[in-house]
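For the sequence shown, the working numbering assigns the number 19 to the initial residue and increments by one for each residue that follows.
Here is the structure we will look at.
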Amino acid sequence: MSAEATQALQPTLERAPLRINVAAVLLDIEGTLSPISFVQDVLFPYAKAKLRDYLSANASDPAVRDILAQARDLSGAPDAIAAIEAWQANDVKAPPLKKLQGMIWDSGYRSGAFVSPIFPDALAAFRRWHVDGFPLYIYSSGSVQAQHLFFEFTEEGNLRSLFEDYFDTEIGPKTDLASYQRIADQIGRRPQEIVFMSDNVKELEAARDAGLATVHVLKDRTPSTPDFREISDYSEITLGLNPAS
Ligand SMILES: [Mg+2]
């Protein structure tokens, strides 16, 4: 068989390029621009392994004392550290535990214990869009403080300057359409001028219902759905300016 004939038999995996006319881009983090495994396999085990060391090394830090006092109040148990460890073991998102994990991750990032991974095709696209003048925003369930750390200490260095602003669930749940309306208000755009990209269909439904354009990002074996425009590589997307903006 000739080379050309062999080539003709190859399945066509490339989809048609996706052209989206918007003025701004809103991005989820986990599963969208970074592997979900980073949080599960790196961040949480690190916080778990370092918890006792961190508490004893920082026992005189007023913030740590506050956390221990809160843990005693919240659990009603005299042993704050045992209470925090029990929440951790049972994956209870108690505020004192979350605060402490944030502090441990902060020290982990700053000491170079780990860096955050970004999908290379995502980063290439963000750099292109940023240069082309499309403001990029983040909306993640991790706190804004955790998002700042995530982008300050990446495999590719400090990427904070790529992003205009960051939103977390203080603005509302990611599956609630009102959250997307509030984000649009805050960034000073109409919902139709913003595209939201996520691996999570429930989030995309809320964003769509709020009037945003949507892209379902298929990384990490995310299942495909017929309901949303999909990409598996960011090079498939071309952003054009929304004529209404
Ligand atoms: Mg996600």
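Beta carbons are placed, not taken as given, at the ideal position from N, Cα and C, and that holds for glycine.
Short Cβ contact (8 Å threshold) for residue i with residue j
i: I47; j: F168; result: yes
i: I255; j: L36; result: yes
i: R226; j: H234; result: no
i: K192; j: A142; result: no
i: F137; j: S242; result: no
i: L257; j: W147; result: yes
i: D139; j: S253; result: yes
i: G49; j: T187; result: no
i: W105; j: A98; result: no
Where residue i falls: helix, strand or coil (DSSP)
i: S250; result: coil
i: I38; result: strand
i: D183; result: strand
i: A4; result: Missing from the structure shown is residue 4; the chain here goes from 19 to 263 and no further.
i: A131; result: coil
i: I205; result: helix
i: F171; result: coil
i: G120; result: helix
i: I136; result: coil
i: F214; result: strand
i: L257; result: strand
i: S161; result: coil
i: S197; result: helix
i: V82; result: helix
i: I156; result: strand
i: L177; result: coil
i: L230; result: coil
i: L236; result: coil
i: S242; result: coil
Buried versus exposed, by CB contacts within 10 Å (16 or more), residue i
i: A164; result: buried
i: L259; result: exposed
i: V43; result: buried
i: Q204; result: exposed
i: P96; result: exposed
i: G126; result: buried
i: P209; result: buried
i: G160; result: buried
i: G94; result: exposed
i: S74; result: exposed
i: S78; result: exposed
i: A87; result: exposed
i: A34; result: exposed
i: A100; result: exposed
Candidates the options, of which the one nearest residue i by Cα
i: I102; options: E182, M215, E188, L69; result: L69
i: R128; options: P80, K117, F214, G175; result: G175
i: S134; options: I99, D59, D97; result: D59
i: R207; options: L154, A104, K66; result: L154
i: F185; options: A202, N218, V162, S93; result: V162
i: Y157; options: G120, F214, V110; result: F214
i: R178; options: S197, A87, R145, T232; result: R145
i: K117; options: A104, S93, A89, N108; result: A89
i: S216; options: D251, R200, L61; result: D251
i: V149; options: I189, E182, S159; result: E182
i: L222; options: L61, A34, L45; result: L45
i: G14; options: I85, A100, N108, A75; result: Residue 14 is absent from the structure shown; the chain starts at 19 and stops at 263.
i: F132; options: S78, T240, E188, F62; result: F62
i: A107; options: H166, I38, A67; result: A67
i: Y198; options: G151, T232, V57; result: T232
i: Y124; options: Y72, G190, I38, R83; result: Per the sequence shown, residue 124 should be read as Asp rather than Tyr. The residue with the shortest Cα to Cα distance from D124 is Y72.
Contact belief for residue i with residue j at Cβ below 8 Å, rounded distance in angstroms
i: K40; j: I249; result: Residue 40 is actually Val in this sequence, not Lys. 15 Å between Cβ atoms; not a contact.
i: L180; j: A228; result: Actually they are not in contact, since the Cβ atoms of L180 and A228 sit about 24 Å apart, beyond 8 Å.
i: P122; j: A65; result: A quick correction: the sequence has Ile, not Pro, at residue 122. I122 to A65, Cβ: 5 Å. Contact.
i: V219; j: D238; result: Going by Cβ atoms, the distance from V219 to D238 rounds to 14 Å, so no, they are not a contact pair.
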